[in-house]
Amino acid sequence: MSGTKRKNFTGNLKAKVALEAIRGIKAVNGIGREFGVHPTEVGLWKKELQEQASQRLKQQAVPWKMDSLRPFYFIRSI
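Using my numbering, you'd call the opening residue of the sequence shown number 81 and step up by one each time.
This is the structure we're talking about:
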């Protein structure tokens, strides 16, 4: 073994890096250099964030029903 320790990145750092890559203001190489991450990791985290966000939004896209608004109409009419 070479004695080098493997880097562990927190979820917050991964999210920051991925958001920076999604914004597209800086090049992937520049983002990697800024955060001390390999550009390949930046691309992987960006892709992962985009996939998870689309899945999350699909789950939340539940059509609402008029029945759920009835308590508000009742309170308003009092």
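Note that CB positions come from ideal geometry on N, CA and C, so glycine has one too.
* Asked: Helix, strand or coil for Ala107 per DSSP?
  -> coil
* Tell me whether the beta-carbon of Ile111 lies closer than 9 Å to the beta-carbon of Ala101. => yes
* Asked: Given a threshold of 16 other Cβ atoms within 10 Å of its Cβ, counted over all protein chains shown, does Ala107 qualify as buried or as exposed?
  -> It is exposed - the Cβ of Ala107 has fewer than 16 other Cβ atoms within 10 Å.
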